[in-house]
Amino acid sequence: MNKALQKDDETKDSQREGLQKNQAGSQEEKSKSVSFSFFLYRLIAYADTHRSVASFVIILLLVWFSDLLFNNFLFVPYAELVESLSGVQPGGFAELDVGFAPEVWQALLGMVLGTLILVISIASQSIPKLIDFYMRDIRSLLYIWLLIISGGHALIIKIYGEIGLIREPSRIFNTHFLLTICSFISFPYIFYILRYTKPTNIINRIYKNNMDQIMALTSPRNHALAHIPKIIEHQQYTIFEALNQLDDILEFVSFKELKADIVHDMSLTVQNYMRLKQDISPDFFKVSPRVRSDISFKTMVGQFGEMEHSQSFYEQKCFRLLGNVYIRLLEHGEFDLSSMVAGEMTKLGLTAIEEDDTDLIDIIIIRFNTLLRFAIKHGVRNNEPRNLYNLVFYYGNFVKYLVEHKKIDHVKRCFMYLRDYGVQIFKHGSTSPAMYFIVDVIATEMKKVLEQIYHDGWDKEIQNGMLSEMLQVDSPPDFNKEDLARGVLINNGVRKLQFGIALFYQRVGENDFVERIAKDILDDLDVLGEATFSQVIEMTSNFLLFAGPTFWEDTDRGNLNIYYTSDQDQIDGFKKRLYDLAETQLKAKMTSKYQLTPAELDLLWEMSRKTKEKEVELISTNVETFELILNDLEEIDEKRLDALVSLRKKLIFNSENPRLIVTTSRQVAVGTEVQISGKVSGQKKQLEFQAIVQLNTPNFLFVKVTDLGENAAIDQFSSITVRFRPLRQKMIYQFQATPQSTGTNTLLRIVHSDKVKIIEEL
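Residues 1 to 762, numbered by full-length UniProt numbering, are exactly what the sequence shown covers, in order.
Spelled out as structure tokens, the structure:
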């Protein structure tokens, strides 16, 4: 049994040793494979860097090998072919005069090079670094070196012929084949160069070459070499250089089509890169020294660690370039191209969303915010909303894509940013009135998103929070609306859009949201006043009722009417809700301000509805309006009479108000001492007595006479003169009135007079 166990242990040891040998062999084989891949990469990289030298070597070897091949295998068959085709024996080719060949080769080379120099010199005026592109064009390098080496080949043949060293096959190969082939190729090559220098072809070539470089990063060979820093640095520099070349061309060209192609190609490159990024080795995303020294990253020294973490250095490079392009286009007034940059940013954002790259989505949001900052500065300085209009539209599309892919946190952040920029733009409206329209555009995009997230069934709490952002676009908590021009509040486009979203919520039965929007709209009531507020509500209602989906003018976004709502049948219901809330708020305000009883409040509200303005604030502060409407009151019973008397007192529409100029006897306060004088009919004696006002009703003034001795004669007065001085005033008033009989309560009833005059001022 021990022998069996010992044998089993020996078997396991041998298996373990064999496994270790296999692993060592596998590692050695892998190391050899990596070494060969590295050697091959370095060879290809050297040839790619020194394309001119590589082309020279290739053509030299090709001509030398072809000459040997023709001499050893093809010369005799070719001579026989010439003999059979011509029917004449040509004899030896040693007598063939090749003295012309070097001159012909020189002329051909001069024609081709002269054309190249002329074409490239002209094209370089609009395309920078064109000579660099030409020096890397392998077809051109091969053809030019073929001309030069073939010319040298002819020169050597001539020199050797002059000293008696004649090689017939080489003469035939040079004159019959090389010269003929190069001559035939010369004109197609010139046309090729003409097409090559066309800007669109240059741009397309740069794009394709860059995409080839990016595609190569996903190959197994590049994965095996990704641990070598120099290789990574060279690869990063190569794909960076392509973007720099496109940016240089963009700055020099003047044609819009070319600029549009460049912007599109830059965006498309990064979109494809995003899709391929998951197949690239993680070691590739370490930021190399050449990337750190790139001109676009000079101000981003502290962000390289974040770039490596998010693997976003290439996207950051493109975003920086697009941002610079956007600024230049803004300054040059090229609205359509700047709008295209914003559109490409939206496409980049969609690609990042589809790839579920959270870090990149965050970066794109920051880039959108940065573009907004650029556009705001330009718009405020020039009072020009066009760029902002287009940019906000594309920002809204980006947010829509976030909603479609359920990126809730990103959507909430974007809403917060839009609200913040909307508030800033709104504040700039006082100096740049055109900016107010951009606030409307921001609210429009927010309205679209709110409707979209409702249809997608998002949580009500999230919807409520995002609705709060929209409601703050034109009314931030730290902003005083009273500082705004009145016309801005009356013509507030954001209110139209908030009105529209309220109609939507009312149609779908979200009454809590409707109530919240209505209360927010009521904020304008205190600033505008009831009359103007009602006018604004009617104007907004009529605007939304009759506005169609299209506008009668064309803009960058077509003739779309951003204020249009399809819920026009909900207008009356929402308007009634607004008026009911306004009535409740105004009544509460009046009750709190003047301590009114329900009867007094109802009477005051009834009187305010009889005014032309239908404004309770007006009738509670304007005594003339109060007195005017007082005459129109009907059915004043005892309860309403008491309410009216106490209402006048609480409003201080009587002589106790030191700032009130008394114009009617209805304004004489209870308790005021008056001096009454008059004559009894048929007598000349003027009688005077003192009295105190005991009651003042809409129809009569009741006074209590304090001189009882004269009381018997009062009923006989045909008219009396009443003089009084309010306690808190320095003026003495007087009016003529007609006395009525004295009642059982001994109060003299005097008919009111509306002709009270000031007779003396102390």
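Glycine is no exception: its CB is placed at the ideal position from the N, C-alpha and C atoms.
If you keep only unbroken alpha helix (DSSP H) runs of at least 4 residues inside the region 151 to 215, you get 168 to 172 and 179 to 196. Cβ contact annotation for L178 (same chain, cutoff 6 Å, sequence separation greater than five): S150, in chain order. The criterion of a C-beta distance shorter than 9 Å is not satisfied by N71 and F184. Exclusion of the five residues before and after V403 leaves V411, V449, Q452, I453 and D456 as the residues of its chain whose Cβ lies within less than 8 Å of its Cβ. When the beta-carbon positions are compared, Q316 and I363 come within less than 9 Å of each other. A Cβ-Cβ contact shorter than 9 Å links A599 with A643. Closest by C-alpha distance to V705, out of G671, K684 and P726, is G671.
For Q125, the number of other beta carbons within 10 angstroms of its own is below 16, and it is reported as exposed. CA-to-CA, the gap between T664 and K447 works out to about 55 Å. Per the C-alpha coordinates, the member of A216, K650, L268 and F285 positioned closest to L350 is L268. Scanning L695, K679 and G110 for the CA closest to the CA of E688 turns up K679. Inclusion of T565 and F499 in the CB contact set at 9 Å is warranted, their separation being smaller than that value. Secondary structure of E673 (DSSP, three-state): strand.
Secondary structure of S719 (DSSP, three-state): strand. For E355, the closest alpha carbon among the candidates R725, R275, L660 and T697 is that of R275.
S753 sits close to F735, with the two beta carbons spaced by under 9 Å. Contact between I676 and V722 is confirmed by a C-beta separation of about 6 Å, below the 8 Å threshold. A contact between stretches requires three or more CB pairs, one per stretch, nearer than 8 Å, and the region 544 to 553 fails this requirement with the region 522 to 535. Non-local C-beta neighbours of M215 in its own chain, meaning closer than 8 Å and more than five positions away in sequence, comprise L276, ordered along the chain. Distances from the alpha-carbon of S140 to those of T175, L194 and V63 put L194 closest. In this model, Y326 and L391 are separated by some 11 Å (Cα to Cα). Taking C-beta atoms as the reference points, I148 and L109 count as a pair closer than 9 Å. Looking at the backbone, the Cα of R386 and that of M340 are separated by about 13 Å.
A582 and N696 have their C-alpha atoms roughly 33 Å apart. Every alpha helix (DSSP H) stretch that sits fully inside the region 575 to 626 and reaches 4 residues is listed by chain position as 598 to 609 and 616 to 621. Looking at the DSSP output, N559 sits in no beta bridge, so it has no partner there.
Residue pairing by DSSP places A737 opposite I720 in a beta bridge. By the CB criterion at 9 Å, T540 and K496 fall inside the cutoff.
The C-alpha of K400 lies about 10 Å from the C-alpha of K406.
Counted as a single uninterrupted DSSP element, the stretch harbouring Q568 is not any beta strand (DSSP E), since DSSP gives it neither H nor E. A straight line joining the alpha-carbon of D512 with that of L467 spans about 11 Å. Straight through space, the alpha carbons of V674 and Q740 are spaced by roughly 17 Å. Beyond the five residues adjoining it in sequence on each side, N561 comes within less than 8 Å, by CB distance, of A547, G548, P549, T550 and F551 in the same chain, given in chain order. If only uninterrupted alpha helix (DSSP H) runs of at least 4 residues are considered, those enclosed by the region 339 to 401 are 358 to 382. For A691, the enclosing beta strand (DSSP E) starts and ends at Q686 to N696. Distance from the CA atom of I636 to the CA atom of F437, rounded to whole angstroms, is 52 Å.
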